[in-house]
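Protein chains: 2
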Amino acid sequence: MVSLQSRIDSQSEGLVDNEEETITTDPACLFKNDSLDSCGSSSSSCRRRAASIEWPPRKQPRTIETVEVGCLNVISGKYESLDYDIPDSDLLLDEERNSGPKYETKKNISRWVVFSLIGILTAGIGIILDVTIDQLSEIKYGTLKHYVDRCVEDNCLYIPYLMWVAFNVGFVLISSILVTYVEPVASGSGIPQVKCYLNGVKIPRVVRIKTLLVKVVGVIGSVVGGLAVGKEGPMIHSGAVVAAGISQGKSTSFGKDFNILNFFREDHEKRDFVSGGAAAGVAAAFGAPVGGVLFSLEEGTSFWNQSLTWRVFLSAMITTFTLHGILSMYYGYQGKLWYSGLLSFGKFPEVQYYWYELIIYMIMGLVGGLSGSLFNHVNYQLTIFRMRYINNKLWMKVIEAALVAAVTATVGFAMIFYINDCRPLGQDPTKFPIQVFCGDGQYNALGALWFQTPETSVRALFQDPPGSHKVISLSLFFILYYLLSIWTYGLSLSAGLFIPSLLTGAAWGRLTGMGLMWLFPDQAWVDVRKYALVGAAAQLGGVVRMTISLTVILIEATGNISFGLPLMLTLICAKWMGDFFNEGIYDIHIMLSGVPLLPWEPPPLSHDVYASEIMSHPVVVLRSVERVARIVQILSAETHNGFPVVDPGYEYQGDKVACGKLRGLILRHQLIVLLQNKIFNEVTDLWDSRNHEVALKLFRDEYPRYKHIQDISLSSKEMKCTIDLRPFMNSSPYTVIHSMTLPRVFRMFRAMGLRHLPVIDDSNQVVGMVTRKDLVRYRVNHHKGNIREELKISEKF
Amino acid sequence: MVSLQSRIDSQSEGLVDNEEETITTDPACLFKNDSLDSCGSSSSSCRRRAASIEWPPRKQPRTIETVEVGCLNVISGKYESLDYDIPDSDLLLDEERNSGPKYETKKNISRWVVFSLIGILTAGIGIILDVTIDQLSEIKYGTLKHYVDRCVEDNCLYIPYLMWVAFNVGFVLISSILVTYVEPVASGSGIPQVKCYLNGVKIPRVVRIKTLLVKVVGVIGSVVGGLAVGKEGPMIHSGAVVAAGISQGKSTSFGKDFNILNFFREDHEKRDFVSGGAAAGVAAAFGAPVGGVLFSLEEGTSFWNQSLTWRVFLSAMITTFTLHGILSMYYGYQGKLWYSGLLSFGKFPEVQYYWYELIIYMIMGLVGGLSGSLFNHVNYQLTIFRMRYINNKLWMKVIEAALVAAVTATVGFAMIFYINDCRPLGQDPTKFPIQVFCGDGQYNALGALWFQTPETSVRALFQDPPGSHKVISLSLFFILYYLLSIWTYGLSLSAGLFIPSLLTGAAWGRLTGMGLMWLFPDQAWVDVRKYALVGAAAQLGGVVRMTISLTVILIEATGNISFGLPLMLTLICAKWMGDFFNEGIYDIHIMLSGVPLLPWEPPPLSHDVYASEIMSHPVVVLRSVERVARIVQILSAETHNGFPVVDPGYEYQGDKVACGKLRGLILRHQLIVLLQNKIFNEVTDLWDSRNHEVALKLFRDEYPRYKHIQDISLSSKEMKCTIDLRPFMNSSPYTVIHSMTLPRVFRMFRAMGLRHLPVIDDSNQVVGMVTRKDLVRYRVNHHKGNIREELKISEKF
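Going line by line, the protein sequences match chains A and B. In this text, residue positions in the first sequence follow the numbering used here: the first is 2, and each later residue adds one. In this text, residue positions in the second sequence follow the numbering used here: the first is 2, and each later residue adds one.
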């Protein structure tokens, strides 16, 4: 998340306002020295001429408005799209001709191998996380229990309290310092980041190895630090990083290139692998391989594919079984692969329900939606506060995290100290029952909830027999844990949201069940455990608003297919109710950081917006044989990442809107590689010898981190050379005509996974360019009677 | 399936060969009388001019080859695409302007309601099927058992034998006569038809109510008739028909228009509902809601959508629970919704396995792939035989079906009569244990397998305790049932393939298990039931080659998530092995009937094929204000379904390849409606008064069955009128440039669900049109070293 302060600073200058620009710029002088020959940048005289050209003019110039602090309608100009479209270039065509069917087969087999590896390695990370957290928690709670037991008698309870605070703050500091100072993109659950990646937004550094390391160590610190967090979201992010890493056959971080799998070095292939990694992550986190596939589907895919699904499913399956196999060994059930109770919610073998219960579930869903949207609202306000007052000082972020850790320990301690909820020993499966002030042979029920990881507590609330908790203690636990989890989410450390939501939901669900038991005393169908599960689903659904994947994840985690309908009804109601008030928590955070996430559907009622209004213009074009000097100049002066290529004979003219017949599209990074390797007509014989393989290797070696134009030095002699862009450019980009309406442009952009979509006029001349930001601007505000609003784009924030 | 004879007849004339055509036609005379002004139809002189136009010329003229009998490389020209692209027309834009957000909300709520209704009605059909088959089977087998028991003593076993034959032939005749004479599209399992529909191919009459009735009655006849068939495939087809039916708010078959839901009367919306119906069908057939969603996904979707998935899942869930709820009542477990054992395979609660077993499962998968591809190959040869000698006489089809029914009864009777596999009573859960020649207190194990529906037999093989069958009887049963099911699939009756495949597979799987028990006598992990399940999965996977949906269906049907990996490994191996030899059975039958099914991916190594080679040309264009006489002439003379619209001032000229700037695209059925309602500039004031709502209603009332051009009568005065096509046409169709390569054209066509894709040249003039058939022609033959082959298109077959 970026600082809001810098966002506010940049409001006035950052917004794209082409109308203003074109009026104040004198195009004549620009064209004279051949520098920034933006097509369509028209002087006032040519604007009159332009008006006579038949194409719908933009209705109103975009206006600059003051951006409210913390409002959700500013898009950051920083984020770029990934390139999911597979371009047509002579290079690739040549490779195809030379390589033939065997090469295809090799690629295919490599895909299967890589997907299997993704499954195994993701499981490995899951195992490391699980075992480390298990061991460290054992040390922590074992020590604490030891001192609590001793100090109750010696009246020195301040010692275990201070130890608890120290443990928490210590572990949380590790996580927070790592995330804050080493890799900020590893903060939070990671699900928003993976969601953006799969949607096609390039979040810098999101799939790097450093991110993975910070994430894994960080989440261990957060969970062992006793915060209201889980390790599930980070697990999904880790899977994605693993996938992106091993599919490339090299690590730029370690400067190691294994020179294998270089045919996968493109955004499209990488995205496919990341889908598999995310699915494997879900599988590792919840033992839910099908849920994982559906997660990838739900979040990611614009164009789904049978064989891809199949491979994704394979890696999810392999993860599940590797993880279960090895953890079974670790927990002493060697060789029993089918032992699936590890990360799941325990067994619900006899869940039964009747028609009339469905109404209760639906009401619980609505309550979950309310409670979830309240969670989101308060967390949203808190995030605004953080952006304004905390995030601009890095050390303040770390201090806040430490403060939350200390408060969490204090709250836990106070509850154990003040509430006397004693239960007979032997009934609760907790590892560290503490007696505190209870009689002999009894343990403190709240101590049991606090002296274990939140994940274990969820399982306890699902599985503990009826009568394990007092109403008062459970209510207090619910309220305090709810507040703590709101405060915790968004801290600068790596931590997931699933488990705290499930725990809060399970608490109020169990309370509901207890209430129903009191209302209908002798009914067999009233089972607090079942209601704990429904409450957990309702709360989680109300917070994250995921749909089919969440249902399937919960079904798989409970291992009970027949409880699917109740869960689904609950989740539908929670989503409907929650959506009435605000968005899901992940979407709120994504919007607050200004990421241009493309929704599933074009905004309704937008058939009156045309491509000519959507597109950015003027466009900077290149000729298909272009002077090096001009390319360098354009790359230095412009921030664009894609340039339409026009006829070599085209002369840049200032007095026309359309600028040359479209011949292709070339990307900034391609130009960079060409300049860097000096593939100039006058220098190299690459093009003449048709040695395309060499050129392709150059591009692949650099992927995905390209040099900056400033870092390339060229002699003045070289600057006078020319480059033939034709073999490298995408020679037939998808285009749309200026009169196409927004929904059709949107659907094409979304379905084809595009990054640049040139807009052409009636005679195939380039008049503009549509990118992700141009489309995301249009959004419907459901709360203002479905009026369409235009978001603002801030270049610098 | 159409007659092969007619296919062979039409080979020589039917193949599209434009080169030939354009040379023999004299364009001059055509243009003089303004009849068939095909753009791009070039005389030899203008072809020389055309050659100078810069665009890659087609490499070789398509050649006419003799089509081998029964080869898989001919595409029927009969089948059209559905229109999944949502067009931009002034009419729709106007509707949007006038209706506003409330209309959108109404549409949205209607969608949810319709999806719920689809779920309930599909469950209703499932219940009817299940209860009717149950009742009729009870009567049939009860009667037979009675006579068998009596006749063993009285030595009159020919009486039950003849009765058995009579029962079988009688029921099968009902099914076969209905399918053969009333609605041939209801034949087979229905899965290929649904697959084609979701893929975007318009199979005539596939979602009509008549088809549904024939399908339901037919499948009851087939199953009660004792054939080696199941009711699962037809259940899926039924769900699809239900969905298509109720989403339209009218029934053309019954001539009833409820005047509701008319906003759903377009291919795009209807397809979404059919996805839901298919998923509900799977849910009803296997109790597998998630599997159903994945089935729809796997078969259908080019562009998946979160809210659509969610609705599809809802209808699948509702189906599952309505069905289970009501059938629980029927079978005496009232109110217990969670009772899920009805259509599933029974409980596998204690399935456990070890690492090393995975190798056995993989080998079984390979065997299943072999056995499945053998099944497909023999059935393919049989289908060719049928196309050649049987299908041209309707009565012969009926006779063949009756013959199979009689043979099935005979085989069953012979096995019971000759093989003495006696088991003690009380161990087998069959309803009708027959003693035959067994001792008192014993029953004939083969009689138990034959005296029940195949579905019950599958469950029996999965659940019967070890030692329920002799090796010899099970082996014989496997061989004979395998042969019978090959013979049965493709008969002219409605019947599914899942259950016979599962039954055959369960038989050899159980045999494998028995072999393993003999090899490793005292190992706990050897459980014949588990191996029966794996064998069933392997056989089914080898025959149908479905991937992720089948895995999930099997997991859900067994109710055991932890057995997922073994099932998946088995299915992967079966698919790999099977794909080495031939395609899945559904694909073979789809290809034999020449349906142009679009694969998931463009053929590899096809970057050297350009749009200009793929496209059909010359193209017949219309002017945006066109004379009625010309429209009528074109519609009568041409079979095309979409016409590019060019400038109103465009004059048809014979001497150029490109023909006018593209302004839009209009469909045949739109022109028909315009002619039918006489919306001419000189007659109606519709366009002047901008009364678009009326026009839109006209289109929607006619959907989906439009008149033929011959059925529209126009006076000679009316023929002189003109039509303004602009408010009705799609004003900005997606287009591609002639130099785009096949993979990119393919991806766009597939992802956007297009029907017509105009190809333009460098100055936005129409030069050709790409349709589904043009793309399906290119295919890679993996068996000839991945060489690309071009399929032939036969217009008449």
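By construction, the Cβ of each residue, glycine as well, lies at the ideal position given by its N, Cα and C atoms.
Under the three-state reduction of DSSP, B/Q353 is assigned to coil, being neither helix nor strand. For A/V610, the closest alpha carbon among the candidates A/V545, A/L743, A/H238, A/S714 is that of A/L743.
The residues F314, A317, V553, E557, in chain order, have a CB closer than 8 Å to that of A/V291 in the same chain once the five nearest residues on each side in sequence are set aside. Annotation: the continuous beta strand (DSSP E) that includes A/L668 extends over 663-668.
The continuous alpha helix (DSSP H) containing B/I589 extends over residues 586-593. By the CB criterion at 9 Å, A/V622 and A/V767 fall inside the cutoff.
Taking C-beta atoms as the reference points, B/I710 and B/V633 count as a pair closer than 9 Å. Among the CB atoms of chain B, none fall inside 9 Å of the CB of A/E267. With respect to the 9 Å criterion, B/W601 and A/Q307 are classified as neighbours on the basis of their beta carbons.
Taking a C-beta distance under 9 Å as the contact criterion, B/E81 and B/K196 do not qualify as a contact pair. Look at the stretch 751-772 of chain A: the residues with a C-beta under 7 Å from a C-beta of chain B are A752, M753, D763, S764, N765. Using a Cβ-Cβ cut-off of 7 Å, A/W311 is close to T548, I549 of chain B, given in chain order. By the criterion of at least three beta-carbon pairs nearer than 8 Å, the stretch 526-541 of chain A is not in contact with the stretch 269-280 of chain A. Non-local C-beta neighbours of B/A407 in its own chain, meaning closer than 6 Å and more than five positions away in sequence, comprise V166, V170, ordered along the chain.
Rounded to whole angstroms, the separation of the alpha carbons of A/Y362 and A/W519 is 18 Å.
Listed along chain A, the residues sitting closer than 8 Å to B/D609 by beta-carbon distance are L94, E97, R98.
Taking 8 Å as the cut-off between beta carbons, the residues of the stretch 591-609 of chain A near chain B are W601, E602, P605, L606, H608, D609, in sequence order. Assignment of A/D528 by DSSP, reduced to helix, strand and coil, places it in the coil class. Interface annotation, A/D84: not in contact with chain B, CB-CB separation never under 9 Å.
Taking 9 Å as the cut-off, the Cβ atoms of B/P185 and B/S493 count as close. Inter-residue distance for A/G78 and A/V202 is about 12 Å (C-alpha atoms, whole angstroms).
Taken through DSSP and simplified to helix, strand or coil, A/V183 comes out as helix. Scanning its chain for C-beta atoms nearer than 6 Å, with the 5 sequence neighbours on each side dropped, one finds around B/F582 the residues S374, in chain order. When only Cα atoms are considered, B/A696 and A/T505 end up about 56 Å apart.
With fewer than 16 other beta carbons inside 10 angstroms of its own, B/V472 counts as exposed.
The criterion of a C-beta distance shorter than 9 Å is not satisfied by A/S117 and A/K398. The beta carbons of A/G127 and A/A286 sit closer together than 9 Å. B/W311 counts as buried, since at least 16 other C-beta atoms from the protein chains shown sit within 10 angstroms of its C-beta. When C-alpha distances from B/E456 are compared across B/I761, B/E233, B/W509, the shortest belongs to B/E233.
In this chain, A/V75 is not harboured by any alpha helix (DSSP H); it is covered by the beta strand (DSSP E) spanning 75-77.
Not a single CB atom of chain B sits nearer than 9 Å to the CB of A/G661. Taking A/K141 as the centre and dropping the five residues before and after it, the same chain places the C-beta of F168, V225 closer than 7 Å to its C-beta, in chain order. The Cβ-Cβ distance between A/R701 and A/F322 does not fall below 9 Å. At a Cβ-Cβ threshold of 9 Å, B/S248 and B/K271 count as neighbours.
By the rule that beta-carbons nearer than 9 Å mark a contact, A/V294 touches chain B. Spanning the alpha carbons of B/F438 and B/T409 requires a straight line of approximately 21 Å.
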